[in-house]
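So the structure is just underneath, and the comments pick up after that.
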């Protein structure tokens with residue numbers, strides 16, 4: 002059995018290695034502001050993690066659905082224009098809702114986490130509201146789903162929660178840019194935190210599901226954290 006196990010390990014390491022390569026190429030493209038490089042790398046980020054996830058968890062999975070939505074959103078956001086930005090937001094709304102569906106299987110976050118998430122959501126939207134113009138309502142709705150996803154991620158594992166926080170930070174910086182509050186290096190921070198978020202969520206989800214399955218056939222796919 003050791004041979005097949007090593008072969009399986011190689012099969013799962015390959016998509017992660019290619020993901021790391023694609024992430025580096027994408028960051029170079031962002032740093033150089035070369036759209037051609039970004040087209041050759043960004044669409045592969047979510048796809049490679051989807052490959053990794055499906056190699057470890059074949060079959061239907063809400064996180065896999067979220068990664069598929071992320072792929073579509075990444076492609077949409079590569080195209081200039083407000084309409085494509087809104088389409089990308091719709092795709093990533095699908096990502097957040099899919100992740101939320103998956104994470105709810107782990108149980109309910111602590112009340113303090115939910116309160117903090119609600120305060121953060123309300124405070125950030127109030128801060129940016131006057132600057133967002135026609136994007137106010139779409140961002141209000143999207144950020145609610147994003148914040149809820151991040152809150153429920155804390156019920157899964159520390160790694161998944163860290164990924165969710167980075168996802169929140171990345172999209173917050175996109176919102177800051179949409180509000181006209183740009184700063185040097187913002188795009189690079191957005192992409193680096195986004196790539197790290199996807200990797201942490203995908204690998205953390207696989208690890209959590211494996212831990213739940215290892216606890217016995219009656220165990221849930223994701224272990225419940227102690228409250």
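Residue numbers (my numbering): 2 to 228. The C-beta atom is built at its ideal place from N, Cα and C for all residues, glycine as well. From a predicted model like this one, the values you see are computed outputs, not experimental measurements.
### Task
Would you check whether the ligand ATP has a heavy atom nearer than 8 Å to the C-beta of residue 155?
In the structure on display, the ligand ATP does not appear, and there are no ligands present to speak of.
### Query
Which class does residue 163 belong to by DSSP, given the choice of helix, strand or coil?
helix
### Query
Exposed or buried, which one is residue 67 when buried takes at least 16 other CB atoms within 10 Å?
buried
### Query
How would you label residue 112, buried or exposed, when you count the other beta carbons within 10 angstroms and need 16 or more for buried?
exposed
### Query
Considering only residues of the same chain and omitting the five flanking positions on each side of residue 211, which have a CB-CB separation below 7 Å?
none
### Task
Keeping to the same chain, check which residues put their C-beta closer than 7 Å to that of residue 98; ignore five residues upstream and five downstream.
146
#### Entry: Residue from 95, 163, 154 and 87 whose Cα sits closest to the Cα of residue 65
95
### Nearest candidate by alpha-carbon position, reference residue 191, set 133, 58 and 28
28
### Query
Who are the Cβ neighbours of residue 225 in its own chain at under 8 Å, not counting the five residues just before and after it?
For residue 225, the predicted structure reports a pLDDT of 41, less than 50, and the residue's modelled location is therefore unreliable. The matter cannot be settled from this model.
### Message
By alpha-carbon positions, which one of 47, 63 and 59 ends up nearest to residue 72?
### Response
47
### Query
Can you give the Cα-Cα distance for residue 42 and residue 138, rounded to whole angstroms?
31 Å
### Task
Mark residue 93 as exposed unless 16 or more other C-beta atoms lie within 10 angstroms of its C-beta, in which case mark it buried.
buried
### Message
With a threshold of 7 Å on Cβ separation, who are the neighbours of residue 172 within its own chain once the five nearest residues in sequence on each side are excluded?
### Response
147
### Query
For the candidate residues 103, 57 and 176, whose alpha-carbon lies nearest to that of residue 133?
176
### Stretch-stretch touch, CB-based, cutoff 8 Å, three pairs: the segment 116-129 with the segment 76-87
no
### Query
Along the chain, where does the alpha helix (DSSP H) that runs through residue 118 open and close?
112-133
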